[in-house]
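To start, the structure itself, in structure tokens.
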Amino acid sequence: MTGLPRDVTRWLQGLELTVQLMNVRRDFASGYHVAEMFSRYYPRDFEMHSYSKGASFSAKQDNWNKIRRTLQKLRLHLTEKLVYGTIHCKPGAAELLVQQVYSVLTKHRPRTAQSPELDFSDQKYQQLLPPVARSTATSAVKSNLRKSEIMALPDILTNGRRAEAIIGKHLQDKIADRTATDCGRSNLVRSRLKQTTGQNLGRDEKHSPEMCLQSPLSGAVVSYKTIKVNQPARRLPQSC
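No gaps in the numbering here: position 132 of the sequence shown is 132 in the UniProt record's numbering, and each next residue is one more.
What follows is the structure, encoded as structure tokens:
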């Protein structure tokens, strides 16, 4: 299972869950396996026959509502933003949730815990791609506004604001990328101009003849170099 620390992976394997976990994001979205993890420590409070293995959104909601109520009774806490991201298969959310469950149940912190940053957009993935291969505004909305989120809150105004926020962030990232690209090009041109100018000055100093004069006042010998100045060509008046 990628994305999880080694000690958390070993702990999960030791729980002997009913299904071998292959995809963390998909397997924990329904909440069934989360309840199963808690049932190993609180078997009387988490009775697995009352949880559904279904993948429908209604089954997910029912499972997670039961988990919330039971955790509240046991005075245990899971970050709601992690739960939300796990339900809607946001990238990185399920991995962080499993680590939090591990900490709650074992009272230990994972050795190589992930950053607690709760940004579940695909921004980091997009930054790894070249600008040409990055998503358009339409695909950014599809990637960051899941169908299950719309089903959970089927309000046109709310979902419209979400889409506007995603598009606005997408445009800001494009402007930032363009600015960084322009700055990089300007620095490259500036460095090349400096290099070319330095080479030309060195070439002129190498080929300019050095002459010596004696100062009439002190008698010291003063050396100087002649500089050749190219005069602009004069245009002759054209005859009619």
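Idealized CB from N, CA, C, for every residue including glycine.
In the DSSP assignment, find the unbroken alpha helix (DSSP H) run with ALA94 in it and report its ends. Position 94 of the sequence shown, counting from 1, holds the residue named residue 94. Counting along the chain, the alpha helix (DSSP H) containing ALA94 begins and ends at 93-106.
Legend entry - Contact belief for TYR102 with VAL8 at Cβ below 8 angstroms, rounded distance in angstroms: Here residue 102 refers to the residue found at position 102 when the sequence shown is read from its first residue. Here residue 8 refers to the residue found at position 8 when the sequence shown is read from its first residue. Between VAL8 and TYR102 the Cβ distance is about 5 angstroms, and since that is below 8 angstroms, they are a contact.
Between which residues of its own chain and ASN23 is the CB-CB distance below 6 angstroms, once the five residues before and five after are set aside?
Position 23 of the sequence shown, counting from 1, holds the residue named residue 23. Correct list: empty, nothing qualifies.
message = Which of the three DSSP states is assigned to HIS77 in this structure?
response = As a working note, residue 77 is residue 77 in the sequence shown. Correct three-state label for HIS77: coil.
**Study point:** Exposure label - ILE175; buried when at least 16 CB within 10 Å
**Key:** Start at 1 with the first residue of the sequence shown, and residue 175 comes out as number 175. Counting Cβ neighbours within 10 Å, ILE175 comes out exposed, since fewer than 16 surround it.
Over the uninterrupted alpha helix (DSSP H) stretch that includes ARG25, give me the two end residues. As a working note, residue 25 is residue 25 in the sequence shown. 24-27 is the extent of the alpha helix (DSSP H) around ARG25.
*asked:* If the criterion is Cβ atoms closer than 8 angstroms, does the pair GLY3 and GLU95 meet it?
replied: Numbered from its first residue, the sequence shown carries residue 3 at position 3. Numbered from its first residue, the sequence shown carries residue 95 at position 95. Contact: yes.
Distance, MET48 Cα to SER39 Cα | Stepping through the sequence shown from its first residue, residue 39 is reached at position 39. Stepping through the sequence shown from its first residue, residue 48 is reached at position 48. Roughly 7 angstroms separates the two Cα atoms.
Next item on the list: Could you check if HIS108 is buried or exposed, using at least 16 other CB atoms within 10 Å of its CB as the buried criterion?
Entry: As a first step, residue 108 must be located in the sequence shown, where it is residue number 108. Exposed is the label assigned to HIS108, since fewer than 16 other Cβ atoms lie within 10 Å of its Cβ.
Margin query: Measuring straight from C-alpha to C-alpha, what distance separates ARG111 and PRO5?
Written below: Reading the sequence shown from its first residue, position 111 is the one you call residue 111. Reading the sequence shown from its first residue, position 5 is the one you call residue 5. The C-alpha of ARG111 lies about 7 angstroms from the C-alpha of PRO5.
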